[in-house]
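Some notes on the structure that comes next.
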Amino acid sequence: MLYIFDLGNVIVDIDFNRVLGAWSDFSRVPLATLKQTFTMGEAFHQHERGEITDEAFAQALCHEMDLPLSYEQFSHGWQAVFVGLRPEVIAIMHKLREQGHRVVVLSNTNRLHTTFWPEEYPEIRSAADHIYLSQDLGMRKPEARIYQQVLQAEGFSAEDTVFFDDNVDNIEGANQLGITSILVTGKETIPDYFSTLL
Numbered sequence: 001m002l003y004i005f006d007l008g009n010v011i012v013d014i015d016f017n018r019v020l021g022a023w024s025d026f027s028r029v030p031l032a033t034l035k036q037t038f039t040m041g042e043a044f045h046q047h048e049r050g051e052i053t054d055e056a057f058a059q060a061l062c063h064e065m066d067l068p069l070s071y072e073q074f075s076h077g078w079q080a081v082f083v084g085l086r087p088e089v090i091a092i093m094h095k096l097r098e099q100g101h102r103v104v105v106l107s108n109t110n111r112l113h114t115t116f117w118p119e120e121y122p123e124i125r126s127a128a129d130h131i132y133l134s135q136d137l138g139m140r141k142p143e144a145r146i147y148q149q150v151l152q153a154e155g156f157s158a159e160d161t162v163f164f165d166d167n168v169d170n171i172e173g174a175n176q177l178g179i180t181s182i183l184v185t186g187k188e189t190i191p192d193y194f195s196t197l198l
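Each residue of the sequence shown is one higher than the one before, counting from 1 in the UniProt record's numbering.
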């Protein structure tokens, strides 16, 4: 079997409120204001596809949110999204590989974040056979082509694949291709799923 794991809130806990909190501290713009103006809009999607640079993304977001931040302050806040690893999921990934299954990560991420989490959490790379990142592929979930690309690269059919993600749209996108897709709603979702299988 091929098991595909998303990264944020699946393998690693993330919290965008931490990003906004850091930006608020740097800029003195109230957190409540930032929460109202922060959206994952076109610049966010372009950044995840690798279509714009980190600097252009920072500029676009600061402009949209009227945020007076230096690039360094923006970057520092952007990395604050990561809270910590979910060791129980890492353990499951290792166990699956020991049993001969193929285990990969498929994440909508961006260059700026990949300067941080691979070094911060080396356990992820050691638990996965391969890591597929949106900005390297030039496409992002829930686009059908990103799932098709991974299936093709791995040599598996949709029927022999299980996908874990915390985003409903991404789950629906994979479901439409016939991939068994599990919505991760909390830390217990993945251990519960495998409790009778491993």
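Heads up, the beta-carbon is just placed ideally off N, CA and C, and yes, glycines get one too.
- Residue pairing from DSSP places Ile131 in a beta bridge opposite Val105.
- Sixteen is the threshold: since fewer than 16 other Cβ atoms of the shown chains lie within 10 Å of the Cβ of Met40, the residue is exposed.
- The alpha-carbon of Tyr193 is positioned some 13 angstroms away from that of Phe5.
- If you draw a straight line from the Cα of Ile131 to the Cα of Leu85, it comes to about 16 angstroms.
- The three-state reading of DSSP puts Gly77 in helix, counting H, G and I together.
- Under the three-state reduction of DSSP output, Val19 falls in the helix class.
- When DSSP assignments are scanned along the region 37-94, the uninterrupted stretches of alpha helix (DSSP H) that are 4 or more residues long and fall wholly within it turn out to be 42-48, 54-65, 71-79.
- Distance from the CA of Asp160 to the CA of Leu177, rounded to the nearest whole angstrom, comes to 12 angstroms.
- Residue range 144-154 is occupied by the alpha helix (DSSP H) that includes Tyr147.
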